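**Student:**
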Amino acid sequence: MLGPLVAAIDQGTSSTRFLVFNAKTAELLSHHQVEIKQSFPKEGWVEEDPKEILQSVYECMDRTCEKLTQLNIDISNIKAIGVTNQRETTLVWDKETGEPLYNAIGYFLFLLLYTKFAKLNKYLYFSCFIQHKTGLPISTYFSAVKLRWLMDNVEKVHEAVLSHRAMFGTVDSWLIWCLTGGKKGGVHCTDVTNASRTMLFNIHTMDWDPELCKYFDIPMEILPKVRSSSEIYGLMKSGPLTGVPISGCLGDQSAALVGQMCFKDGQAKNTYGTGCFLLKNVGTKPVMSDHGLLTTVAYKLGRDKPACYALEGSVAIAGAVVRWLKDNLGIIQTSTELEKLAADVGTSYGCYFVPAFSGLYAPYWEPSARGIICGLTQFTNRSHLAFAALEAVCFQTREILDAMNQDSGIHLSQLQVDGGMTSNRLLMQLQADILCIPVVKPSMPETTALGAAMAAGAAEGVSVWSLNPEDLTEVTSEKFEPQINPEEETSIFSSVPLGFYILGSMFMLIGAKYIAGQCESE
């Protein structure tokens, strides 16, 4: 009676989830989640175990299918599976043994961890050349530099590349290859959204760029085949869903854009997770940013469909600041306590917080930046600091949105939001006030997984989910309207640069000089 169902694998930095949706109503029927361990071998560096990631996917699938059976839902109604994943995380594995050759590298913020300034300057010299082709600035945030490090520093990877046994991929490639057979004929592919985050993909030709691969000295034979975000890549080869096609693939932020149904030019969404990721649909022609934003592929929903592009701005620290206040300072015991604490005072009382714990992303792209709290007085207490932490997320989002409006020429009329922090109603109201536009939060929070499911269900050969505008299910939502007038908003935001940006920039310079001195001393 439910009709066709579509599942989604949502593999993130801290957990893996498997979710099943009704293709006709977009209702979430069941899901299961497994936490993922992270290791921190050096400052600014995060790794995860590829085998643990894969095992978590199988476990989530098995448990979700058990839950569906308990609900008397026939799992044979699952017609397709979509994949959405943490982007940029880099893996290399042996295609003959199926074994990963090193941990998956996630955050890898400091190029200076393995190179001297001479090599860094070589990279910076070509930054304009790379940005024109890829839409990305030179940064260790993206996969190419991580892959180059693996080839230079991990003997197993170096040997596998020389003997033509190495396969590179982001998390989606690793999962799809394993789930479709692995060393016994697994499909080595990725989609355009994940490929566009590697610094090796030309967003104009929509393929791997030979010049970029030559520049980074990366053999093109190890790269996955680039496919659209919605087509059948292969079939599940084991588990309770054996034979079900994997037919959707989107990087997590692109999946959220699709799940929020931002299919029109000028529509935007902001995901409030560990960091913030704001994407704005700019249509079928890429818009290159003059204000520190990324130009990325938003989605390509079919082999014969045009690619759509997005401007993206990312904030390094959003939800992570809540964990820092809890674990490092101990001023709150739970995440929910932060909202009550901040609401008790309703102001930061002139206290500003720059949570640049791991550098600053858009629009600065300054990995040497460090955090700062300023404007403290004897009157300042933990409630003011809690409020300043929430304001910091909102101010950074405002700065990115201003840059987007200037780059695209299309001013946003409302911002659609998702992610764990959106449960904080005070944060959402602050964001509406600081942006001076409505903030719209869907009642169904799983928009990232929903986007992957929509892409999978709409694929040719599956066709159980229509993406025609008139067929899309209207999502119920809550709207936060600005409660201050534009003059008040301008006054609030214009007082921030002294405490927030000028001091932040000063500390960026201090940090950069410190790292330069350390590098020279080595």
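If you read the sequence shown in the UniProt record's numbering, its first letter stands for residue 1, the second for the next number, and so on. All C-beta atoms, glycine included, are put in the ideal place defined by N, C-alpha and C. Note that this is a predicted model, so its numbers are computed, not measured.
For the region 253–271 against the region 201–210, are there 3 or more C-beta pairs whose distance is under 8 Å?
**Tutor:** At 8 Å Cβ cutoff, the stretches do not touch.
**Student:** Taking the straight line between their C-alpha atoms, what separation do you get for residue 215 and residue 47?
**Tutor:** Roughly 26 Å between the two C-alpha positions.
**Student:** How is residue 75 classed by DSSP in three states: helix, strand or coil?
**Tutor:** If DSSP states are grouped into helix, strand and coil, residue 75 belongs with the helices.
**Student:** Which value, in whole angstroms, describes the spacing of the CA atoms of residue 141 and residue 186?
**Tutor:** Using only the alpha carbons, I get a separation of about 28 Å.
**Student:** Measuring CB atoms only, is the region 57–75 touching the region 23–41, in the sense that at least three cross pairs come out at less than 8 Å?
**Tutor:** The region 57–75 is in contact with the region 23–41.
**Student:** Does the separation of the CB atoms of residue 550 and residue 182 fall below 8 Å?
**Tutor:** As displayed, the chain neither begins before 1 nor continues past 522, which places residue 550 out of reach and without an answer.
**Student:** Could you check the C-alpha separation between residue 407 and residue 310 for me, to the nearest Å?
**Tutor:** So the two alpha carbons sit approximately 11 Å from each other.
**Student:** For a minimum of 3 consecutive residues, which ranges assigned as the beta strand (DSSP E) are wholly contained in the region 228–266?
**Tutor:** Listed in chain order, the complete beta strand (DSSP E) runs (minimum 3 residues) inside the region 228–266 are 230–235, 245–251.
**Student:** Please work out which residues of its chain come closer than 8 Å, Cβ to Cβ, to residue 333, disregarding the five sequence neighbours upstream and downstream, and give them in chain order.
**Tutor:** Correct list, in chain order: 326.
**Student:** Should residue 306 be labelled buried (16 or more other beta-carbon atoms within 10 Å of its own) or exposed?
**Tutor:** By the neighbour-count rule (16 or more Cβ atoms within 10 Å), residue 306 is not buried but exposed.
**Student:** Whole angstroms are fine: how far does the CA of residue 291 sit from the CA of residue 84?
**Tutor:** Spanning the two alpha carbons is a distance of roughly 28 Å.
**Student:** Name the two residues that bound the continuous beta strand (DSSP E) containing residue 295.
**Tutor:** Start and end: 294–299.
**Student:** Would you mind giving the Cβ-Cβ distance between residue 246 and residue 301, rounded to the nearest angstrom? I have them listed as a contact below 8 Å.
**Tutor:** Going by Cβ atoms, the distance from residue 246 to residue 301 rounds to 16 Å, so no, they are not a contact pair.
**Student:** Go ahead and label residue 11 buried or exposed: buried means 16 or more other beta carbons lie within 10 angstroms of its beta carbon, across all protein chains shown.
**Tutor:** Looking at its Cβ environment, which holds 16 or more other Cβ atoms inside 10 Å, residue 11 is buried.
**Student:** To the nearest whole angstrom, what separates the beta carbons of residue 351 and residue 376, a pair I think is in contact under 8 Å?
**Tutor:** At roughly 6 Å, the Cβ-Cβ gap stays under 8 Å, so residue 351 and residue 376 are in contact.
**Student:** Assign residue 347 to one of two classes, buried (16 or more other C-beta atoms within 10 Å of its C-beta) or exposed (fewer than that).
**Tutor:** Its Cβ having fewer than 16 others within 10 Å, residue 347 is exposed.
**Student:** Note down, in chain order, each residue of its chain lying with its Cβ closer than 7 Å to the Cβ of residue 22, except the 5 sequence neighbours on either side.
**Tutor:** Same-chain partners within the cutoff: 2, 3, 5, 29.
**Student:** Any beta carbon of chain D sitting closer than 8 Å to that of residue 375?
**Tutor:** Judged by its chain identifiers, the structure shown contains no chain D, having just a single protein chain.
**Student:** I need the straight-line Cα distance from residue 229 to residue 221, nearest angstrom please.
**Tutor:** So the alpha carbons of these two residues sit roughly 22 Å apart.
**Student:** Leaving aside the five residues before and after residue 439 along the sequence, list all residues of the same chain whose C-beta is less than 6 Å from its C-beta, in chain order.
**Tutor:** So the list reads 415, 417, 428, 431, 432, 480, once near-sequence residues are dropped.
**Student:** List the whole-angstrom C-beta distance separating residue 235 from residue 243, where the pair is believed to meet the contact cut-off of C-beta under 8 Å.
**Tutor:** Correct: roughly 6 Å between the Cβ atoms.
**Student:** Grouping DSSP H, G and I as helix and E and B as strand, with all else coil, what is residue 45?
**Tutor:** DSSP places residue 45 in strand when its eight states are reduced to three.
**Student:** In whole angstroms, what is the alpha-carbon distance linking residue 91 and residue 105?
**Tutor:** So the alpha carbons of these two residues sit roughly 7 Å apart.
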